[in-house]
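*Asks:* For the sequence shown, this note's numbering assigns the number 65 to the initial residue and increments by one for each residue that follows.
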Amino acid sequence: MNNKVFSLIVGLLLIVFVASNTLYVINETERGVLLKFGKVVNADIPPGLHVKLPLMHEVRKFDSRILTLDARPQRFLTVEKKGMIVDSFAKWRIKDVSTYYTATNGEEATAVRVLDQRINEGLRNGFGERSLQEVVSGERDELMQNLTESLNKLTRERYGIELVDVRVKRIDLPDQVSDSVYSRMNTERQREAREHRSKGREQAEVIKADADRQRTILEAEAYRDAELLRGEGDAKAAAIYSAAYTQNPEFYSFVRSLTAYKDAFSNKGDIMLVDPDSDFFRYLKDSTGKKAQP
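1. Based on DSSP bridge pairs, tell me the residues matched to residue 154.
2. What residues are listed by DSSP as bridge partners for residue 104?
3. Can you name the residues that DSSP bridges to residue 148?
4. Sort out for me which residues DSSP pairs residue 114 with in a bridge.
5. Just grab the DSSP bridge partners of residue 272 for me.
6. Would you mind sorting residue 148 into buried or exposed? The rule is 16 or more other CB atoms within 10 Å of its CB.
7. Would residue 212 be called buried (16 or more neighbouring beta carbons within 10 Å of its own) or exposed?
8. Report the three-state DSSP secondary structure of residue 194 (helix, strand or coil).
9. Which value, in whole angstroms, describes the spacing of the CA atoms of residue 88 and residue 114?
10. Please name the residue or residues paired with residue 124 in a DSSP beta bridge.
11. Residue 258: buried (16+ other C-beta within 10 angstroms of its C-beta) or exposed?
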């Protein structure tokens with residue numbers, strides 16, 4: 065009984081060993097090549113379960129997803145011989161497994177090193193043909209697109225790698241260049257500020273002059289209208305007074321005398337020498353205003 069159990073266990077272990085060395089799985093996110101004594105016999109194994117011969121066959125698996133190459137910042141020169149520190153990255157993936165394995169021996173580090181060299185060379189040449197202004201703003205997208213297309217053709221043929229995209233994350237200027245650029249930008253901004261202030265003062269003077277002119281016109285028109293109204297009012301008042309006093313001249317004389325008394329005696333310190341028999345005291349002596357007989 066013990067011998068049978070032992071034989072069964074040995075058999076199972078043998079089966080497991082043979083299966084582990086003959087069966088293999090290629091996942092959906094992987095690409096694989098089948099080697100026979102180091103020579104490629106199947107350059108693109110499809111995903112799924114496959115069989116190989118132990119000792120004779122070897123399977124190499126590679127990641128088929130899009131990978132990222134984060135390059136180290138490099139110093140490049142523009143056409144004006146101005147240096148800049150460029151930080152870039154690239155997206156790539158394996159397109160031809162056989163070519164990739166032959167060119168890099170299946171080592172991802174080798175592929176990254178080759179791509180890094182090619183991308184830096186392309187960036188250096190592209191930046192060297194453009195000015196600082198073009199690199200920073202105007203033509204950077206065009207530069208990246210042209211670089212991706214030109215390198216992609218080379219990497220496909222030589223390394224079996226598809227270069228999906230190349231992008232610049234950041235562009236920094238060296239300290240000595242940054243200081244000069246900052247100084248020039250500061251001078252330019254100050255010039256623009258002075259220009260804006262000058263235009264603002266000019267517009268302010270124009271607005272102020274127009275406001276003063278409108279104020280003068282409004283005051284003149286208001287004074288004119290006020291004088292017209294005042295003249296009309298005085299004319300109407302004079303007409304009303306004239307009509308009223310015409311109806312009773314004696315009453316008019318009496319009211320005028322009362323007004324004269326009020327104005328004459330409004331200040332206690334005033335001294336006035338008047339003949340008692342003058343017309344000024346006519347209504348004080350007689351309420352009817354009759355003159356005294358001599």
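All C-beta atoms in this analysis are idealised placements derived from N, C-alpha and C, irrespective of residue type, glycine included.
*Replies:* In brief:
1. 133, 230
2. 99
3. 140
4. 88
5. DSSP lists no partner for residue 272.
6. buried
7. buried
8. coil
9. 5 Å
10. 97
11. exposed
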